[in-house]
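Written out below as structure tokens is the structure these notes cover.
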Amino acid sequence: MRKIIYITFCMLTSLLLGSCSNDFLDENNKEIVGTVGELITIYNSDNSFQTLTVNVPQAENRSYTIKQYPNWMKFTAMESKFQAGVAEMGFYLVVENDYTGFQQEGPLVLDIEGLGYVELHVRYTNLGNPVIVIFPEDIYFPREITESSFEIMNTGDGYLDWKIVSKPEWITFQYPGEQEGRIPQRSSKRLYINCNRADLTQGTYKGDIVIESNSKGSAQPGGKVTSKVKVSMEVIPMENPKNVLPISGSVVGAKFDKKHNLLYVLTKSPSELIIYDIKRGGEPNVQKFPISGAPGCFSLSEDGNQLFVGCSGKLLHYEASSMRLVKSVDLDFMPFDVIYGENDWCYLSPNADSGGSGMYCVNIKTNEIKTSKLTLGYWSMSTKAYFTKTPGVSKLLATSSSLSPSGVYLFDITEPVPNEQSPGQYWHVGYSNNRPLWLSENGDLIYTSQGVILRNPAKKTIEGDLLPMGYLSDYYMHWIDHCEANHSIWNVPQPDFYQSAEYNVFRENDTDYSTMDYMKSSDYVTTINNVKAFYKTCVHYIFSNKEGTVLFMVKNVNNYGLYSPNSEYINDWSLEYVGIN
Amino acid sequence: MRGFKTIFLLLLTLLPCFSLLAQNEEKSERDYQKWKFGVSGGMSYMLGSTKDAKTSMMNMGIDSKMANNYYGDLVWGPMASVDAQYFFKPQLGAGVKYIFYSNSAQLDENVSLPMNGDGVSLFYGPVKEHFYVNYVGPAFCSREFFGMQKKWALTSLFSVGYVHYRNEVVLPDLAMLMTGSTVGLHGAIGVEYNLTRNIALGLDLSYMYAVLSNVTLTNGKSTKKDDLEDKKENLSRLDLGLNLKFYF
Numbered sequence: 000m001r002k003i004i005y006i007t008f009c010m011l012t013s014l015l016l017g018s019c020s021n022d023f024l025d026e027n028n029k030e031i032v033g034t035v036g037e038l039i040t041i042y043n044s045d046n047s048f049q050t051l052t053v054n055v056p057q058a059e060n061r062s063y064t065i066k067q068y069p070n071w072m073k074f075t076a077m078e079s080k081f082q083a084g085v086a087e088m089g090f091y092l093v094v095e096n097d098y099t100g101f102q103q104e105g106p107l108v109l110d111i112e113g114l115g116y117v118e119l120h121v122r123y124t125n126l127g128n129p130v131i132v133i134f135p136e137d138i139y140f141p142r143e144i145t146e147s148s149f150e151i152m153n154t155g156d157g158y159l160d161w162k163i164v165s166k167p168e169w170i171t172f173q174y175p176g177e178q179e180g181r182i183p184q185r186s187s188k189r190l191y192i193n194c195n196r197a198d199l200t201q202g203t204y205k206g207d208i209v210i211e212s213n214s215k216g217s218a219q220p221g222g223k224v225t226s227k228v229k230v231s232m233e234v235i236p237m238e239n240p241k242n243v244l245p246i247s248g249s250v251v252g253a254k255f256d257k258k259h260n261l262l263y264v265l266t267k268s269p270s271e272l273i274i275y276d277i278k279r280g281g282e283p284n285v286q287k288f289p290i291s292g293a294p295g296c297f298s299l300s301e302d303g304n305q306l307f308v309g310c311s312g313k314l315l316h317y318e319a320s321s322m323r324l325v326k327s328v329d330l331d332f333m334p335f336d337v338i339y340g341e342n343d344w345c346y347l348s349p350n351a352d353s354g355g356s357g358m359y360c361v362n363i364k365t366n367e368i369k370t371s372k373l374t375l376g377y378w379s380m381s382t383k384a385y386f387t388k389t390p391g392v393s394k395l396l397a398t399s400s401s402l403s404p405s406g407v408y409l410f411d412i413t414e415p416v417p418n419e420q421s422p423g424q425y426w427h428v429g430y431s432n433n434r435p436l437w438l439s440e441n442g443d444l445i446y447t448s449q450g451v452i453l454r455n456p457a458k459k460t461i462e463g464d465l466l467p468m469g470y471l472s473d474y475y476m477h478w479i480d481h482c483e484a485n486h487s488i489w490n491v492p493q494p495d496f497y498q499s500a501e502y503n504v505f506r507e508n509d510t511d512y513s514t515m516d517y518m519k520s521s522d523y524v525t526t527i528n529n530v531k532a533f534y535k536t537c538v539h540y541i542f543s544n545k546e547g548t549v550l551f552m553v554k555n556v557n558n559y560g561l562y563s564p565n566s567e568y569i570n571d572w573s574l575e576y577v578g579i580n
Numbered sequence: 000m001r002g003f004k005t006i007f008l009l010l011l012t013l014l015p016c017f018s019l020l021a022q023n024e025e026k027s028e029r030d031y032q033k034w035k036f037g038v039s040g041g042m043s044y045m046l047g048s049t050k051d052a053k054t055s056m057m058n059m060g061i062d063s064k065m066a067n068n069y070y071g072d073l074v075w076g077p078m079a080s081v082d083a084q085y086f087f088k089p090q091l092g093a094g095v096k097y098i099f100y101s102n103s104a105q106l107d108e109n110v111s112l113p114m115n116g117d118g119v120s121l122f123y124g125p126v127k128e129h130f131y132v133n134y135v136g137p138a139f140c141s142r143e144f145f146g147m148q149k150k151w152a153l154t155s156l157f158s159v160g161y162v163h164y165r166n167e168v169v170l171p172d173l174a175m176l177m178t179g180s181t182v183g184l185h186g187a188i189g190v191e192y193n194l195t196r197n198i199a200l201g202l203d204l205s206y207m208y209a210v211l212s213n214v215t216l217t218n219g220k221s222t223k224k225d226d227l228e229d230k231k232e233n234l235s236r237l238d239l240g241l242n243l244k245f246y247f
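Protein chains in written order, with numbering that gives the first Met the number 0: chain A, 0 to 580; chain B, 0 to 247.
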């Protein structure tokens with residue numbers, strides 16, 4: 000009997016002890032031993048099957064159980080194994096609020112055998128079905144170009160998340176912070192890039208700007224689509240070619256003597272006259288002559304032997320062949336334009352904004368200075384007039400740059416100082432657009448800045464209106480030169496803004512005025528604001544030689560878009576000459 | 000109230016035994032064994048309603064079949080008891096009664112449940128519980144022999160005692176221990192057959208009434224008391240047990 004009691008007691012004791020263990024509560028002591036820092040984003044995919052890749056190197060080949068996960072995921076297996084620290088988890092999206100832009104985030108906790116809980120965060124984002132389009136896909140930086148841009152467009156529905164993942168080292172973004180972003184549907188983002196040639200050896204460089212996005216087209220839902228922009232550039236020595244010659248001063252005027260094929264360029268700062276002689280062919284012979292004074296304009300005699308420079312307060316007379324100063328005539332005004340007429344008389348217009356004394360007639364032999372209140376009809380000659388002398392004709396053409404319309408004056412200089420009684424004509428027209436009048440080589444025609452072609456009334460009297468007899472293809476021209484030898488009318492548009500276009504030198508046929516050719520003046524290597532680079536140029540004066548075989552372009556750097564610390568006009572001039580086919 | 004009705008019925012059942020006791024007292028006065036020691040084992044059926052718990056489980060996303068299986072497992076469970084009595088009269092005795100009851104249930108498979116109420120997270124894991132009810136208390140009993148050789152006896156027992164409840168609950172995000180205690184009533188009737196002079200084999204049908212009104216919850220790190228208020232835990236059950244009794 001005692002045995003029975005003893006056995007019963009033992010059974011009872013074991014039952015009680017067995018029901019008193021709290022070991023099962025140890026499960027609550029499990030803690031998160033690690034986190035995966037990177038947020039894993041899952042994109043919408045019509046609830047189709049997706050795979051989530053989780054990297055936990057310490058997990059090695061251990062088995063795991065998904066302990067906690069967001070309710071918009073439905074895993075195909077809650078328990079599986081890591082393979083070399085990587086777990087591929089198949090799941091379906093279960094999303095009710097499936098509208099574009101919807102986003103939700105939640106923790107994913109894995110119970111890894113022998114390791115503990117590892118937490119990572121996953122985000123579901125429904126970005127719709129964006130489609131990436133990049134334009135252009137090829138960017139080439141010519142030698143003088145350092146800037147370019149391309150556009151990332153989202154032509155699909157939803158939001159396009161994009162990111163620059165790689166680029167060549169020599170490419171930089173103008174806005175470094177803009178290397179990733181989100182583009183709404185039917186919108187775009189333009190990215191501005193620069194190529195940096197510094198410290199690179201000569202050669203051709205190519206590379207890709209690689210963009211990853213969530214664009215439609217990935218093999219895997221939510222996968223990344225890789226797009227590329229091919230970039231290439233040439234690196235050449237940063238120096239000007241031989242046919243580009245620097246001009247040290249600021250050009251105030253340029254003339255071409257087709258009789259002797261000499262190019263005259265007048266500059267200030269320093270004040271000098273530069274003569275380019277191309278008679279010998281090849282490289283021009285360059286001669287520089289200092290000018291005493293602040294030059295504003297100059298004129299060549301018809302035979303090319305005499306040169307007259309209008310300076311502040313004086314008119315200088317030079318012997319062109321030797322640049323010997325023949326005479327200096329004092330003036331009490333600053334000349335705007337000067338032209339040599341005939342019989343030692345020069346005609347000057349004052350550089351005054353309005354009013355003024357009309358036209359000044361200066362005899363360079365006797366120093367006699369006469370003012371001419373030239374009035375033709377109701378219209379008096381105003382200040383800032385441009386003069387044009389028709390070869391072999393004792394008449395001057397003038398057009399005012401201070402009046403509107405600028406008009407066309409024609410007056411006879413047989414009597415050296417014209418007056419109201421002198422024969423002359425005035426046409427109240429606005430063809431010249433505050434620019435000079437240019438003549439055809441034989442003097443029969445006038446070309447105006449607005450592209451209007453007129454018969455020259457100095458050669459053949461015109462009764463009545465001065466009507467256009469044709470038009471050039473271009474408009475608002477800054478300089479025009481006619482070359483009879485190859486029937487070319489060379490012209491350049493107004494500087495800076497208008498010469499920012501791809502082409503800035505145009506050639507038209509002098510018969511039917513159709514465009515024969517167009518080209519771009521080469522960029523100029525110089526240092527501006529301590530930055531040495533290829534700078535765009537604007538042609539201010541253009542000439543061809545008598546034979547029509549060489550084209551001369553007197554040009555400045557293009558000020559449009561160029562930074563100037565004091566907002567001053569930047570003068571960095573050069574001469575470019577090119578052979579003409 | 001339903002529990003009290005059951006007790007009332009049980010007591011009614013016991014009444015005839017007490018009447019028999021008076022009739023046969025004189026016959027067995029000299030020749031009976033005063034000590035009785037019994038062990039019993041059998042199955043129990045929990046009488047508390049599982050309807051609300053099942054509904055709650057299904058609301059969490061568990062399908063009805065799994066919930067039914069779970070609570071089906073939970074209402075039926077094994078029990079064991081020991082008791083010792085001293086018969087101060089051939090038909091009447093007093094002693095102690097100890098009953099051990101244990102049961103467990105587990106969902107057929109691991110499930111994902113929104114445990115923390117953040118509206119986003121699901122927790123994956125098992126849902127299971129293992130609970131124990133221990134009862135101990137003084138007991139009053141009676142017996143009445145019958146049959147040709149008086150080898151058969153009708154027995155009855157009534158007890159009021161201490162009930163201890165322990166439930167080990169494991170949820171996907173948490174393991175939790177619920178404990179509590181209350182006063183319980185226990186009544187039993189049975190029949191036994193004397194195999195020998197000292198050993199008898201019997202069959203008991205018993206009823207235990209106990210209702211928990213508060214529990215202590217602990218997760219191993221912190222503990223709190225919870226008044227169950229409208230959700231009192233009904234531990235009442237019916238036990239059917241085979242027992243072996245030793246007389247000496």
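Glycine is no exception: its CB is placed at the ideal position from the N, C-alpha and C atoms. Bear in mind that the values here come from a model prediction, so they are computed numbers and not experimental data.
Practice task
Kindly say whether alanine 174/B, judged by its beta-carbon, lies nearer than 8 Å to any beta-carbon of chain A.
Solution key: yes
Exercise for the section: Measure the CB-CB distance between serine 543/A and tryptophan 478/A and report whether it falls below 8 Å. Expected result: No, they are not a contact pair.
Handout entry: Proximity test, Cβ basis, 8 Å: glycine 84/A and chain B
Key = no
Exercise for the section: Note down, in chain order, all residues in the region 167-185 of chain A with a beta-carbon under 8 Å from any beta-carbon belonging to chain B. Expected result: Per Cβ criterion, the list is empty.
Handout entry: Residues near phenylalanine 101/A by beta carbon distance below 7 Å, same chain, minus five either side
Key = Asn125
Exercise for the section: Drop a sphere of 10 angstroms on the beta-carbon of asparagine 342/A, count the other beta-carbons inside from all chains shown, and report buried for 16 or more, exposed for fewer. Expected result: exposed
Practice task
Check whether the Cβ atoms of threonine 536/A and aspartate 522/A sit closer than 8 Å, and answer yes or no.
Solution key: yes
Practice task
Confirm, please, whether the CB-CB distance from valine 538/A to valine 504/A is below 8 Å.
Solution key: yes
Handout entry: glutamine 424/A, DSSP secondary structure in three states
Key = strand
Exercise for the section: Run down chain A in chain order and give the residues with a C-beta less than 9 Å from the C-beta of lysine 220/B. Expected result: Leu24, Asn27 and Asn28
Exercise for the section: Please name the residue or residues paired with cysteine 310/A in a DSSP beta bridge. Expected result: Pro294/A and Lys313/A
Exercise for the section: Report yes or no: is there a C-beta of chain B within less than 8 Å of the C-beta of threonine 12/A? Expected result: The beta carbon of threonine 12/A sits no closer than 8 Å to any beta carbon of chain B.
Problem - DSSP state of lysine 287/A mapped onto helix, strand, coil - result: strand
Exercise for the section: Determine the direct distance from the alpha carbon of asparagine 67/B to that of lysine 73/A, and round the result to whole angstroms. Expected result: 25 Å
Problem - DSSP state of leucine 561/A mapped onto helix, strand, coil - result: Note: leucine 561/A maps to coil in three-state DSSP.
Problem - Residue burial classification, lysine 26/B (beta-carbon count within 10 angstroms, cutoff 16) - result: Unreliable positioning characterises lysine 26/B in this predicted model, as indicated by a pLDDT of 43, which lies under 50. The coordinate reading is nonetheless provided below. So lysine 26/B counts as exposed.
Problem - For threonine 54/B, the first and last residue of its enclosing beta strand (DSSP E) - result: From DSSP, threonine 54/B is part of no beta strand (DSSP E) but of the alpha helix (DSSP H) over 50-58.
Exercise for the section: Determine the extent of the alpha helix (DSSP H) in which aspartate 72/B is found, giving its start and end residues. Expected result: 63-74
Exercise for the section: Have a look at the DSSP bridge pairing and note the partners of valine 81/B. Expected result: Val38/B and Tyr97/B
Exercise for the section: Indicate the three-state DSSP secondary structure (helix, strand or coil) for glycine 240/B in the structure shown. Expected result: strand
Exercise for the section: Using beta-carbon positions only, say whether glutamine 184/A and glycine 127/A come within less than 8 Å of one another. Expected result: yes
Exercise for the section: On a CA-only basis, which of Tyr192/B, Leu227/B, Val95/B and Ile61/B is nearest glutamine 148/B? Give me that one, please. Expected result: With distances taken between Cα atoms, glutamine 148/B lies closest to Tyr192/B.
Exercise for the section: Using a Cβ cut-off of 8 Å, pull out every chain B residue sitting near isoleucine 651/A, in sequence order please. Expected result: Only positions 0 to 580 of chain A appear in this structure, which leaves residue 651/A out of reach.
Exercise for the section: Could you work out which residue in Tyr123/A, His259/A and Leu107/A is closest to cysteine 304/A when comparing CA atoms only? Expected result: At residue 304/A the sequence reads asparagine, which differs from the cysteine that was named. Of Tyr123/A, His259/A and Leu107/A, the residue nearest in Cα terms is His259/A.
Exercise for the section: Buried or exposed for valine 524/A, please, with buried defined as at least 16 other CB atoms from any protein chain shown within 10 angstroms of its CB. Expected result: buried
Practice task
Have a look at phenylalanine 140/A and glutamate 501/A and give me their C-alpha separation to the nearest angstrom.
Solution key: Using only the alpha carbons, I get a separation of about 14 Å.
Exercise for the section: Going by CA-CA distance only, name the one from Glu87/A, Leu471/A, Ser249/A and Ala293/A that's closest to valine 308/A. Expected result: Ala293/A
Problem - For isoleucine 6/A, three-class secondary structure by DSSP - result: Helix at isoleucine 6/A.
Practice task
Name, please, each residue of chain A whose Cβ falls closer than 7 Å to the Cβ of proline 77/B.
Solution key: The contacting residues do not exist; proline 77/B stays about 11 Å from chain A at best.
Exercise for the section: Classify aspartate 25/A as buried or exposed, calling it buried when 16 or more other Cβ atoms lie within 10 Å of its own Cβ. Expected result: exposed
Exercise for the section: Leaving out five residues on either side along the sequence, give the residues of the same chain with a beta carbon under 6 Å from the beta carbon of serine 327/A. Expected result: Excluding residues within five positions, the ones whose Cβ falls inside 6 Å are Lys313 and Leu315.
Handout entry: Candidates Leu121/B, Gly94/B, Asn115/B and Leu204/B: closest to tryptophan 34/B by CA position
Key = Gly94/B
Exercise for the section: State yes or no: is the beta carbon of glutamate 128/B nearer than 8 Å to at least one beta carbon in chain A? Expected result: no
Practice task
Answer yes or no: does any C-beta atom of chain B fall closer than 8 Å to that of methionine 88/A?
Solution key: no
Practice task
Name, please, each residue of chain A whose Cβ falls closer than 9 Å to the Cβ of proline 113/B.
Solution key: Proline 113/B reaches chain A at Asn70, counting residues in chain order whose Cβ is nearer than 9 Å.
Exercise for the section: Please name the residues in the region 104-115 of chain A whose beta-carbon is closer than 7 Å to at least one beta-carbon of chain B, in chain order. Expected result: Gly105 and Pro106
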